[in-house]
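In this note's numbering, each number is its position in the sequence shown, counted from 1, plus 1.
Structure first, commentary second.
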Amino acid sequence: MFGWFKGRRALYTDGEIDLALSPAGFLETGDGIRDGYTFDIRLAGDTKSVGYISLRLGESPQLYYLGHIGYRVHAQYRGHGYAGKAVRLLIPLMRSEGLLHPVITTDVTNTASRKTCLRAGCVLERIAPVPAEYREICAGSLYKCRYILCIAPEEENV
């Protein structure tokens, strides 16, 4: 769904949260990331960011452990399901980018993020050991949970 707020365009909204392209833009490059988007997560109709969600496009060994989707909700706004809702709001964009099986990775001990993945409709593919050469980009993690979101392609009018 599309929406507007206070002169800045919210590209996606569900009436509770809005996603607007981050003024900082997409800052991640390299590691097999060919392009991407970063959105501020905002309460509907507000301009204050409560967190962010990034969509990384590309495929590489590094992205296998980083995932296509990254998110963070500021501590005082956690517990409302905003990250999972943001993931669901990005489905039209992922579909338009041809990304029908995006991956979200999280640390084994990050219970909140694991619950977010499940609430967003993801399925745990596996818990993967992170090879030593990729641990630095994974903040030192020894293992990553790989969750897959299966997105149906748009149905064509027949």
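Glycine included, every Cβ here is placed at the ideal spot set by N, Cα and C.
With distance defined between alpha-carbon atoms, name the residue in the options nearest to residue i.
{"i": "L119", "options": "R35, G85, L20, S55", "result": "G85"}
{"i": "G71", "options": "I34, T106, P154", "result": "T106"}
{"i": "G46", "options": "R89, I34, A11, N111", "result": "A11"}
{"i": "P154", "options": "H81, P103, T48, G59", "result": "P103"}
{"i": "A121", "options": "H81, E98, S97", "result": "H81"}
{"i": "E126", "options": "N111, S23, C146, S114", "result": "C146"}
Residue range of the alpha helix (DSSP H) that residue i falls in?
{"i": "C118", "result": "112 to 120"}
{"i": "Y135", "result": "Careful: Y135 lies outside any alpha helix (DSSP H) and carries neither H nor E."}
{"i": "V88", "result": "83 to 90"}
{"i": "L67", "result": "62 to 67"}
To the nearest whole angstrom, what separates the beta carbons of residue i and residue j, a pair I think is in contact under 8 Å?
{"i": "V109", "j": "Y148", "result": "Contact flag wrong, Cβ pair sits at about 12 Å."}
{"i": "A129", "j": "Y144", "result": "7 Å"}
{"i": "Q63", "j": "Y135", "result": "6 Å"}
{"i": "L56", "j": "L94", "result": "7 Å"}
{"i": "D36", "j": "L67", "result": "D36 to L67, Cβ: 14 Å. No contact."}
What residue range does the beta strand (DSSP E) around residue i cover?
{"i": "A21", "result": "18 to 22"}
{"i": "S142", "result": "Neither: S142 is in no beta strand (DSSP E) and is coded neither H nor E."}
{"i": "S50", "result": "50 to 58"}
{"i": "V109", "result": "Note, V109: premise wrong, no beta strand (DSSP E); not H, not E."}
{"i": "A129", "result": "124 to 130"}
Please go through the same chain and pick out, in chain order, the residues whose beta-carbon is closer than 7 Å to the beta-carbon of residue i, but skip the five residues on each side of it.
{"i": "S50", "result": "D41, I42, R43"}
{"i": "Y83", "result": "I18, I42, V51, G52, V74"}
In chain order, what residues of the same chain have a beta carbon less than 8 Å from the beta carbon of residue i, not counting five sequence neighbours either side?
{"i": "R89", "result": "D15, A121, G122"}
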